[in-house]
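Novice: The structure follows.
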Amino acid sequence: MEKRYAGRPAAPGIALGALFPLTIGTCARVPSGSAESEADALRSALNAALVDLQGLIARSTEDAAAILEFQVALLEDDVLAEPAFSAIAAGSVADHAWLRAMHEEIAGYEASDDEYFRARAADLYDICDRVLAHLTESAIEASVPPGAIVTAQDLAPSRFLAIDWSRGGALALTAGSTTSHVAMLARSRGIPAVVGLGVDLSELAGEALVDAHRGVLIVNPGPAARAQFERDAKTAATARTLSSAAALQPAVTADGTPIKIMLNIADPRELADLDSAICDGIGLVRTEFLFHDRHGLPDEEQQYSIYRRMAEWSQGRPVVIRTLDAGGDKPIPGLTPAGESNPFLGVRGLRLSLAHPDVFRMQLRALARAAMHGNVKIMLPMVTRPHELAMARGMLDAEVAALTAAGIPARCASLGIMIEVPAAAIAADQFDAEFFSIGSNDLTQYVAAAGRDIGAVADLADPAQPAMLRLYRWVAEAARAQHIEVSLCGDAGGDPRVIPLLLATGLRTLSMAPALVGGAKLAVAAVDLRSPAEPEPWPR
Amino acid sequence: MTPPAPSDPVPKTNAMHTGSVLLTNDVGLHARPSVKLTQLAKRFSAHIEFARATTGPWADAKSPVKVMRFKAAKGETLHFRASGADATEALAAIVALVERGFTAEDEESAQPPQA
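Order-wise, the sequence lines are chains A and B.
76 is the number that numbering that gives the first Met the number 0 gives to position 77 of the first sequence; each next residue is one higher, with no gaps.
103 is the number that numbering that gives the first Met the number 0 gives to position 104 of the second sequence; each next residue is one higher, with no gaps.
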């Protein structure tokens, strides 16, 4: 019996497959039960981590390669995992044994009086995480059948990343949010996702069809729904072939205007299988992942090593890293204020960073150091008034001066702001920033006073409505007058329907999820700026 | 931090060769020097160990994990001992590497930049 459930579209696409519920229990690594296979699991995770590192070295600059070679040397040394294998032989499970062994090794480095040795703890954390990721991945990969429609209440980003999506599949969440980390990852990977189905997980069994354009999950679809799916799938396959070919081409409009296409990255693991040649750089790195995945806040070394690797991946192209944008719908326990009556209008983004200068200064230090390894730019979220930018700049200057005085290489990276608060958009000409990036998601919901996640008003929160296009044009003009760069990094930037309108406002740089690059480049190629198809009304 | 594990007993059939050298490079036996030292040691078939004092405890010079656990700083004296067919050559090469501050043989003896 066919049954339809309505949710909200979180990542476009369609899929047909077996429903696979991922409850909390199946999310964690399931111990195999025998010491032998636990030891095998650790051995293959160690090998997989080595292969990762060797791949990274091959793509790295000489300086970065030397650091990674140190990690390779440690990983190749049997001594490193010896205590873990002994613990496994004595009955421990692989992931616990590995974690305990590494924590003991790391403690030795952290206890050192010598700062050179203490700093190397970051390399050991890196090794520890890399091996651990392979340990848990292989277990989940084994449990999720290829092409399955994964159902869960909500899903942690690491769980999503641990699933093998190479043979398709889709995500259907009974709760969840379209702006969550996992929704961003699904968009980025091109995995269809529907959230907010509001149904009990146990009801979802059998075969199902996900239509993530319409936000629908159809369990046990009938012949009509299947026939529609076949037609949609054929169209989608053609579009996919075209866009994957287009992804590696430069983005140029029909009249020959070059457009810069940048990537939005929510997790550094997204870069692993990506060719940096598809883009002109990274237009937005969301650093919230660093503050969610770990217990406690990340230290300077952890942040530095991750930022540095992104800078190196980008090979000289710009990498715009946004400072912590917590608060609103992205709370961080212990950092964001609890019990705000309206968190979207409260202490979030840069406001939160300025309220926690210790956390903010540490992030600025890590960014200033990473800027020595590539074209790193620092972007401040939720800026409202110019003095906030001035305060952040003062802190950045002070941290760079302190690092330099201590003999640690660092530089004042270019400092820009997100334009996502209406006050900043309207008074864009008042900001002494080195670049602007329009955050069309938040800007739209603040301008329209309508949340994207509230179904009843979602159609009011259209990022392509005239009020928004006027603001984009004004911000682009303000940037041009100040001779600074301007881009747009909200979801609208990767939407082929909106791209012609964005280019008509004067924007020439768009930042989007990696999976949208091909489609966006095709949309750009169809635009003729000599005769904009839909001239935007602009009363003057 | 676990202390370096006592190493395997050195085969008695071979003569033991020893040598010592002062660590002069700024960062001591840090990441890159450790990698260079162990890579060089692995080129020889000899069993090679090192210690802070001639009385031990001795640790395997072919293990980067053990070399890093040592955290030897600038100004310390490292003692090496080796046994096996190419023990003499191994010791000479290792002492020379430490003496020239872990630079490659054809490099200037200037300090390489450290991460």
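In this text, a Cβ means the ideal position worked out from N, Cα and C, and glycines have one as well.
1) Under 8 Å between C-beta atoms, does Thr76/B make it to chain A?
2) According to DSSP, simplified to helix, strand and coil, what is Thr508/A?
3) Within the same chain, show all residues whose beta-carbon is closer than 8 Å to that of Phe101/B, passing over the 5 residues directly before and after it, in chain order.
4) Three or more beta-carbon pairs under 8 Å between the segment 406 to 420 of chain A and the segment 366 to 375 of chain A, yes or no?
5) Note the first and the last residue of the continuous alpha helix (DSSP H) segment covering His386/A.
6) Check each residue of the segment 111 to 124 of chain A: if its Cβ is closer than 8 Å to any Cβ of chain B, include it; give the result in chain order.
7) Nearest chain A C-beta to Ser62/B closer than 8 Å, yes or no?
8) How about the segment 309 to 328 of chain A and the segment 345 to 354 of chain A: do they share at least three Cβ pairs that are nearer than 8 Å?
9) Let me know if Val215/A comes out buried or exposed under the rule of 16 or more other beta-carbons within 10 Å of its beta-carbon.
10) Residue range of the alpha helix (DSSP H) that Lys376/A falls in?
11) For the candidate residues Arg213/A, Ala174/A, Glu75/A and His212/A, whose alpha-carbon lies nearest to that of Met199/A?
12) Kindly indicate the opening and closing residues of the beta strand (DSSP E) around Arg3/A.
13) By the criterion of Cβ-Cβ separation under 7 Å, what are the contact partners of Glu68/A in chain B?
14) Hey, quick one: how far does the beta strand (DSSP E) through Ile217/A stretch, first residue to last?
15) Name the one or two DSSP bridge partners that Met417/A has.
16) List, in order along the chain, the chain B residues whose C-beta lies closer than 8 Å to that of Leu98/A?
17) Specify the secondary structure class of Pro534/A as computed by DSSP and reduced to three states.
18) Got a sec: is the Cβ-Cβ distance from Ala463/A to anything in chain B below 8 Å?
19) Quick one: give me the first and last residue of the beta strand (DSSP E) that Phe19/A is part of.
20) Note down, one range per segment and in chain order, each beta strand (DSSP E) of at least 3 residues found wholly within the segment 49 to 113 of chain B.
21) Cβ of Ala95/B within 8 Å of Cβ of Ala89/B?
22) With distances taken Cα to Cα, identify the nearest neighbour of Ala38/A among Phe290/A, Leu21/A, Ala93/A and Met381/A.
23) Tell me whether the segment 57 to 74 of chain B and the segment 64 to 82 of chain A touch, counting them as touching only if at least three CB pairs, one residue from each stretch, are closer than 8 Å.
24) For Glu206/A, list the residues DSSP reports as bridge partners.
25) Quick one: is Arg539/A near chain B, going by C-beta distance under 8 Å?
26) Check whether chain A comes within 8 Å of Val20/B, counting only Cβ atoms and requiring the distance to be less than that.
27) Going straight from the alpha carbon of Ala271/A to that of Pro495/A, what length do you get?
28) Kindly indicate the opening and closing residues of the beta strand (DSSP E) around His180/A.
29) Can you give me the Cβ contacts of Leu154/A inside the same chain, cut-off strictly under 6 Å, excluding the 5 residues immediately before and after it?
30) Using a Cβ-Cβ cutoff of less than 6 Å, which residues in the same chain neighbour Gly146/A once the five nearest sequence positions on both sides are dropped?
31) In the DSSP assignment, find the unbroken beta strand (DSSP E) run with Glu616/A in it and report its ends.
Specialist: Inspection of the coordinates gives the following:
1) No, Thr76/B does not count as interfacial toward chain A.
2) In the three-state reduction of the DSSP assignment, Thr508/A falls in the strand class.
3) Cβ within range, chain order: Asn24, Arg31, Pro32, Lys35, Leu36 and Pro111.
4) Yes, the segment 406 to 420 of chain A is in contact with the segment 366 to 375 of chain A.
5) It spans Pro385 to Ala404 - the alpha helix (DSSP H) in which His386/A sits, taken as one unbroken run.
6) Near chain B, meaning a CB-to-CB distance below 8 Å, the residues of the segment 111 to 124 of chain A are Ser111, Asp113, Tyr115, Phe116, Arg119 and Asp122.
7) With 8 Å as the cut-off, Ser62/B counts as an interface residue toward chain A.
8) The count of Cβ pairs closer than 8 Å, one atom from the segment 309 to 328 of chain A and one from the segment 345 to 354 of chain A, reaches three, so the stretches are in contact.
9) With 16 or more Cβ atoms within 10 Å of its Cβ, Val215/A is classed as buried.
10) From DSSP, Lys376/A is part of no alpha helix (DSSP H) but of the beta strand (DSSP E) over Val375 to Leu379.
11) Residue 199/A is actually Asp in this sequence, not Met. Out of Arg213/A, Ala174/A, Glu75/A and His212/A, Ala174/A has the C-alpha closest to the C-alpha of Asp199/A.
12) Annotation for Arg3/A: the continuous beta strand (DSSP E) segment containing it runs Lys2 to Ala5.
13) Ordered by position in chain B, the residues that pass the 7 Å Cβ test against Glu68/A are Val34.
14) Run containing Ile217/A: Val215 to Val218, per the beta strand (DSSP E) assignment.
15) Partner residues in the beta bridge of Met417/A, as assigned by DSSP, are Ser436/A.
16) Listed along chain B, no residue sits closer than 8 Å to Leu98/A by beta-carbon distance, the nearest being about 16 Å off.
17) For Pro534/A, the pLDDT reaches just 48, beneath the cut-off of 50, and the residue's location in the model is therefore unreliable, although a value from the coordinates is still provided. The three-state reading of DSSP puts Pro534/A in coil, since its state is none of H, G, I, E or B.
18) Residue-level contact by beta carbon fails for Ala463/A and chain B, as no gap is shorter than 8 Å.
19) Here the beta strand (DSSP E) through Phe19/A covers Ile13 to Pro20.
20) Segments of the beta strand (DSSP E) lying fully in the segment 49 to 113 of chain B: 76 to 82.
21) With contacts defined by Cβ atoms closer than 8 Å, Ala95/B and Ala89/B do not form a contacting pair.
22) Checked all of Phe290/A, Leu21/A, Ala93/A and Met381/A; the closest Cα to Ala38/A is Ala93/A.
23) Contact between the segment 57 to 74 of chain B and the segment 64 to 82 of chain A is present, with at least three C-beta pairs closer than 8 Å.
24) Partner(s): Ala17/A.
25) The pLDDT assigned to Arg539/A is 36, lower than 50, so where the model puts this residue is not dependable; a value taken from the coordinates is nonetheless given after this. Judged by the 8 Å Cβ criterion, Arg539/A is not in contact with chain B.
26) Not a single C-beta of chain A is nearer than 8 Å to the C-beta of Val20/B.
27) Rounded to whole angstroms, Ala271/A and Pro495/A show a C-alpha spacing of 26 Å.
28) That residue, His180/A, is in no beta strand (DSSP E); its alpha helix (DSSP H) goes His180 to Arg188.
29) Cβ within range, chain order: Val181.
30) Around Gly146/A: Gly16, Arg166, Gly167 and Gly168.
31) Limits of chain A in this structure are 0 at one end and 539 at the other, which puts residue 616/A out of reach.
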